[in-house]
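Trainee:
Here is the structure:
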């Protein structure tokens with residue numbers, strides 16, 4: 001469930017959101033978006049958790065891949081519907097991952 | 108609950124973790140670390156969610172602030188205890204935030 005990502009550098013998209021109380025197809029859309037993201041060129045992995053807020057981090061090889069994914073038609077439609085139905089608010093932050101350490105490697 | 112962050116550039120630390128089944132003071136430590144982080148120079152905000160995995164993203168003004176926080180004594184002790192007790196595994200990714208958009212600003 002923790003994404004296995006390649007050597008640096010790569011990019012992370014941090015999507016933080018607060019949901020409305022409208023459930024209409026939300027889970028189905030969320031699953032579909034992860035499926036669809038996985039099919040995109042340059043997709044490296046995804047991590048997701050939600051309780052009070054939701055945080056989904058997707059990892060990508062380069063900015064161009066993120067831009068392509070942003071402009072994917074089905075993804076664009078889902079975002080538009082998200083703004084109308086599912087999300088009270090959200091923030092998207094596009095980041096360059098510069099350093100990584102994990103359970104084993106940290107000193 | 109979504110962090111309000113200043114103009115770019117700033118930095119994000121993405122901490123992704125899988126918990127053990129050991130609860131021993133975990134919630135207390137997690138709350139204390141957020142309290143303590145908020146007191147550090149250069150801290151800008153934090154977002155956190157957990158179900159199958161936990162994702163905590165903290166935001167900082169510069170890499171030096173992240174390094175200072177990493178070397179904070181109480182934080183270091185909590186990480187060591189985390190490795191022994193609370194976490195099966197974790198990954199920390201230090202990122203430079205390069206672009207941001209939100210509910211209102213996205214086209």
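Protein chains in written order, with my numbering: chain A, 1 to 107; chain B, 108 to 214.
All residues carry an ideal CB built from backbone N, CA and C; glycine is no exception.
(1) Is the Cβ of residue 205 of chain B closer than 9 Å to any Cβ of chain A?
(2) How many Å lie between residue 14 of chain A and residue 57 of chain A at the Cα?
(3) Going residue by residue through the region 27 to 105 of chain A, where are the continuous alpha helix (DSSP H) segments of at least 4 residues, counting only ones entirely within it?
(4) Kindly say whether residue 142 of chain B, judged by its beta-carbon, lies nearer than 9 Å to any beta-carbon of chain A.
(5) Based on the DSSP output, what are the partners of residue 12 of chain A in its beta bridges?
(6) With 8 Å as the limit, tell me which residues of the region 133 to 158 of chain B have their beta carbon closer than that to any beta carbon of chain A; keep them in chain order.
(7) Looking only at its own chain, which residues have a Cβ that is under 7 Å from the Cβ of residue 156 of chain B, when we skip the five neighbours before and after it?
(8) Assuming contact is defined by CB atoms lying nearer than 9 Å, are residue 183 of chain B and residue 124 of chain B in contact in what I supplied?
(9) So is residue 114 of chain B in contact with chain A if we call contact Cβ pairs under 9 Å?
(10) Tell me whether residue 74 of chain A is buried or exposed, calling it buried when 16 or more other Cβ atoms sit within 10 Å of its Cβ.
(11) If contact is defined by three or more beta carbon pairs under 8 Å, each pair taking one atom from either stretch, is the region 5 to 12 of chain A in contact with the region 34 to 45 of chain A?
(12) Let me know if residue 171 of chain B comes out buried or exposed under the rule of 16 or more other beta-carbons within 10 Å of its beta-carbon.
(13) Could you tell me whether the Cβ of residue 124 of chain B comes closer than 9 Å to any Cβ of chain A?
(14) Using the Cα positions of residue 96 of chain A and residue 126 of chain B, report the straight-line distance between them to the nearest angstrom.
(15) Roughly how many whole angstroms lie between the Cα atoms of residue 193 of chain B and residue 158 of chain B?
(16) If you drop the 5 nearest sequence neighbours on each side, which residues of the same chain put their C-beta closer than 7 Å to that of residue 26 of chain A?
(17) By Cβ distance, which residues of its chain are closer than 7 Å to residue 88 of chain A, with the 5 residues on each side in sequence left out?
(18) Drop a sphere of 10 angstroms on the beta-carbon of residue 53 of chain A, count the other beta-carbons inside from all chains shown, and report buried for 16 or more, exposed for fewer.
(19) Using a 10 Å radius around the Cβ and a threshold of 16 neighbouring Cβ atoms, would you call residue 129 of chain B buried or exposed?
(20) Using C-beta distances below 8 Å, list every residue in its chain close to residue 98 of chain A, excluding the 5 sequence neighbours before and after it, in chain order.
(21) How big is the Cα-Cα spacing for residue 187 of chain B and residue 81 of chain A?
(22) Could you work out which residue in A:83, A:84, A:37 is closest to residue 66 of chain A when comparing CA atoms only?
Mentor: If we stick to the structure as given:
(1) Within the second chain, the letter at position 98 stands for residue 205 of chain B. Output row for residue 205 of chain B: interface = yes.
(2) Against the first chain, residue 14 of chain A aligns to sequence position 14. Against the first chain, residue 57 of chain A aligns to sequence position 57. Approximately 5 Å between the Cα atoms of the pair.
(3) 63 to 71, 73 to 81
(4) Locating residue 142 of chain B in the second chain gives position 35, where the first residue counts as 1. With 9 Å as the cut-off, residue 142 of chain B does not count as an interface residue toward chain A.
(5) For this step, residue 12 of chain A is matched to residue 12 along the first chain. Per DSSP, A:59, A:95.
(6) 154, 155, 156, 157, 158
(7) Working through the second chain from its first residue, we reach residue 156 of chain B at position 49. Cβ neighbours of residue 156 of chain B beyond the five flanking positions: 162.
(8) Here residue 183 of chain B refers to the residue found at position 76 of the second chain. Here residue 124 of chain B refers to the residue found at position 17 of the second chain. No; because the gap between Cβ atoms is not below 9 Å, this pair is not in contact.
(9) Numbered from its first residue, the second chain carries residue 114 of chain B at position 7. Answer no: the Cβ-Cβ gap between residue 114 of chain B and chain A never drops below 9 Å.
(10) Your numbering for residue 74 of chain A matches position 74 in the first chain. The residue is exposed, with fewer than 16 neighbouring Cβ atoms inside 10 Å.
(11) yes
(12) Translated into the one-based positions of the second chain, residue 171 of chain B becomes position 64. Exposed, since its Cβ has fewer than 16 Cβ neighbours within 10 Å.
(13) As a working note, residue 124 of chain B is residue 17 in the second chain. So yes, residue 124 of chain B belongs to the interface.
(14) Within the first chain, the letter at position 96 stands for residue 96 of chain A. Within the second chain, the letter at position 19 stands for residue 126 of chain B. Spanning the two alpha carbons is a distance of roughly 27 Å.
(15) Taking the second chain and counting its residues from 1, one reaches residue 193 of chain B at position 86. Taking the second chain and counting its residues from 1, one reaches residue 158 of chain B at position 51. Those two C-alpha atoms are separated by around 15 Å.
(16) The residue given as residue 26 of chain A occupies position 26 in the first chain. Answer for residue 26 of chain A: 86, listed in chain order.
(17) Numbered from its first residue, the first chain carries residue 88 of chain A at position 88. Answer for residue 88 of chain A: 18, 19, 20, listed in chain order.
(18) The sequence position of residue 53 of chain A within the first chain is 53, counting from 1. By the 10 Å Cβ count, residue 53 of chain A comes out buried.
(19) What you label residue 129 of chain B is simply residue 22 of the second chain in a count that begins at 1. Answer is exposed; the Cβ neighbour count stays below 16.
(20) For the purposes of this step, residue 98 of chain A is identified with residue 98 of the first chain, where counting begins at 1. Within the same chain, residue 98 of chain A has close Cβ partners 8, 9.
(21) Within the second chain, residue 187 of chain B is the residue found at index 80, counting from 1. Within the first chain, residue 81 of chain A is the residue found at index 81, counting from 1. Using only the alpha carbons, I get a separation of about 44 Å.
(22) If you number the first chain from 1, residue 66 of chain A lands on position 66. Closest option to residue 66 of chain A, Cα to Cα, is A:37.
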